[in-house]
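Notes for the one structure printed next.
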Amino acid sequence: MKKKHVAVLLGGFSSERPVSLSSGKACADALEAEGYQVTRVDVGRDISSVLADLKPDVAFNALHGPYGEDGTIQGVLEFLGIAYTHSGVLASALAMDKEQAKRVAKSVGIPVAESRVIDRFTIKNEHPMRPPYVVKPVNEGSSFGVVIVREDQSHPPQLISSPEWNYGEKVMVERYIHGRELTCAVMGDVALGVCEIVPTGHSFYDYDSKYVPGGSKHEVPAKISLNIYQKIQTLALKAHQAIGCRGVSRSDFRYDDRHSENGEVVWLEINTQPGMTPTSLVPEIAAQAGHSFGELLSWMVEDASCRR
Numbered sequence: 001m002k003k004k005h006v007a008v009l010l011g012g013f014s015s016e017r018p019v020s021l022s023s024g025k026a027c028a029d030a031l032e033a034e035g036y037q038v039t040r041v042d043v044g045r046d047i048s049s050v051l052a053d054l055k056p057d058v059a060f061n062a063l064h065g066p067y068g069e070d071g072t073i074q075g076v077l078e079f080l081g082i083a084y085t086h087s088g089v090l091a092s093a094l095a096m097d098k099e100q101a102k103r104v105a106k107s108v109g110i111p112v113a114e115s116r117v118i119d120r121f122t123i124k125n126e127h128p129m130r131p132p133y134v135v136k137p138v139n140e141g142s143s144f145g146v147v148i149v150r151e152d153q154s155h156p157p158q159l160i161s162s163p164e165w166n167y168g169e170k171v172m173v174e175r176y177i178h179g180r181e182l183t184c185a186v187m188g189d190v191a192l193g194v195c196e197i198v199p200t201g202h203s204f205y206d207y208d209s210k211y212v213p214g215g216s217k218h219e220v221p222a223k224i225s226l227n228i229y230q231k232i233q234t235l236a237l238k239a240h241q242a243i244g245c246r247g248v249s250r251s252d253f254r255y256d257d258r259h260s261e262n263g264e265v266v267w268l269e270i271n272t273q274p275g276m277t278p279t280s281l282v283p284e285i286a287a288q289a290g291h292s293f294g295e296l297l298s299w300m301v302e303d304a305s306c307r308r
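Numbering follows full-length UniProt numbering, in which position 139 of the sequence shown is assigned residue number 139; successive positions increment by one, without gaps.
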């Protein structure tokens, strides 16, 4: 049987373009190895006409950041009637807005950190909440613009209100959760394994920790108690379903076990377009669950549809 023609959408024009180029190349190469006819499409503002001429069976969305994972490209694909991977318009837009996603998660009983969205210029003169806290853009990924304010920091971070800040006028200020960085992938309606991320030489899981080889160590499966492991799987699947995600997603958590093994588990966010680079988490988690990279991508292609 003839394999589908897959347009791998990569690049784009968000701040995460380099990540998308790396993800897209890895996905395109693997799908070709699986026997699919693959066309690599570096996404520009003419993407509608490009895809209308190309007429692929499936668009594999390997874009990251604004326009790629916020419902924008998903709307274009719906309009063109081209089946696509990952989440649909509404779930993509909702998950990309960190504060709105947290509201939905909290409404179904998922523990989240106290936070509020404020204008970035209000941070200049006084702390918006008692340190420690985290300031992050409301609609960015890959840890772009994330600033951690420690307990002993007497002044709020001046970077947020400076002209150098390029991540929007609104920011989310969130209580800092001590502890371990854990993440769990969901594939369809199944929660896969839990991975612990240990940054190497970095204070937190920042951009370099994510995408520079050796920037972090991944423990798959995470060395945590069975009840915490299963709790995180349950919460990841619940978030995936509550937000309306499709295909593959990845939920990030903090686990504070300083005082007891049961500790505090807090859901941070959900990624509807998790990275597919050589150092990315979902391929590692899927491999531990018995799915090769090629099998994972083939499943995503066959799962693709419109009206997701």
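Backbone N, C-alpha and C define an ideal beta-carbon position, used for all residues, glycine too.
With distance defined between alpha-carbon atoms, name the residue in Arg150, Leu192, Thr200 nearest to Ile177. Arg150
| said: Classify Ser298: buried if its beta carbon has 16 or more other beta carbons within 10 angstroms, exposed otherwise. | reply: buried
ask   = When you compare only the Cα positions, how much space is there between Arg103 and Tyr133?
value = 19 angstroms
Beta-carbon within less than 7 angstroms of Asp29's beta-carbon, same chain only, minus the 5 sequence neighbours each way: which residues are those? none
*In this structure, does DSSP put Asp206 in helix, strand or coil?*
Below a pLDDT of 50, predicted positions are generally treated as unreliable, and Asp206, at 43, falls in that range; the measurement from the model is reported next regardless. Of the three classes helix, strand and coil, the one that applies to Asp206 here is coil, per DSSP.
Could you tell me the boundaries of the beta strand (DSSP E) in which Gln37 lies? 37-42
### Query
When DSSP builds the beta bridges, which residues end up paired with Phe293?
Phe293 is not bridged to any residue.
Pairwise C-alpha distance: Gln233 and His291: 17 angstroms
Checklist entry - Within the chosen definition, does the segment 179-198 reach the segment 221-238 through at least 3 CB pairs nearer than 8 angstroms? => result yes
For the segment 113-170, list the beta strand (DSSP E) runs that are entirely contained and at least 3 residues long, ordered along the chain.
115-119, 133-137, 147-149
Between the C-alpha atoms of Met187 and Tyr36, what's the straight-line distance to the nearest angstrom? 21 angstroms
Leaving out five residues on either side along the sequence, give the residues of the same chain with a beta carbon under 6 angstroms from the beta carbon of Asp57. Lys4, His5
Problem - Extent of the continuous alpha helix (DSSP H) run through Phe79 - result: 72-80
For Ile270, the three-state DSSP class (helix, strand or coil)
strand
If you run the structure through DSSP and keep just helix, strand and coil, what is Ala62?
coil
For Cys306, which of helix, strand or coil comes out of DSSP? coil
Can you list, in chain order, the residues of its chain whose CB lies under 8 angstroms from that of Lys106, leaving out five sequence neighbours each side? Val112
Residues near Arg17 by beta carbon distance below 7 angstroms, same chain, minus five either side:
Gly11
Go ahead and label Gly88 buried or exposed: buried means 16 or more other beta carbons lie within 10 angstroms of its beta carbon, across all protein chains shown.
-> buried
Exercise for review: Assign residue 312 to one of three DSSP states: helix, strand, or coil.
Suggested key: The question about residue 312 has no answer here: the residues shown for the chain are numbered 1 through 308.
field: Cβ neighbour criterion (16 or more within 10 Å) applied to Arg45
entry: exposed
**Asked** What residue does the alpha helix (DSSP H) around Ser20 start on, and which one ends it?
**Response** 17-33
Three or more C-beta pairs below 8 angstroms linking the segment 93-100 and the segment 255-266: no
Review point. Looking at the C-beta of Gly247, does it have a partner C-beta in chain C at a distance below 7 angstroms?
Key: No chain C appears in the structure shown, which is made up of a single protein chain.
| query | In this structure, does DSSP put Glu181 in helix, strand or coil? | reply | strand
Report task. Verify whether the separation of the beta carbon atoms of Ser161 and Ile123 is less than 7 angstroms. Result -> yes
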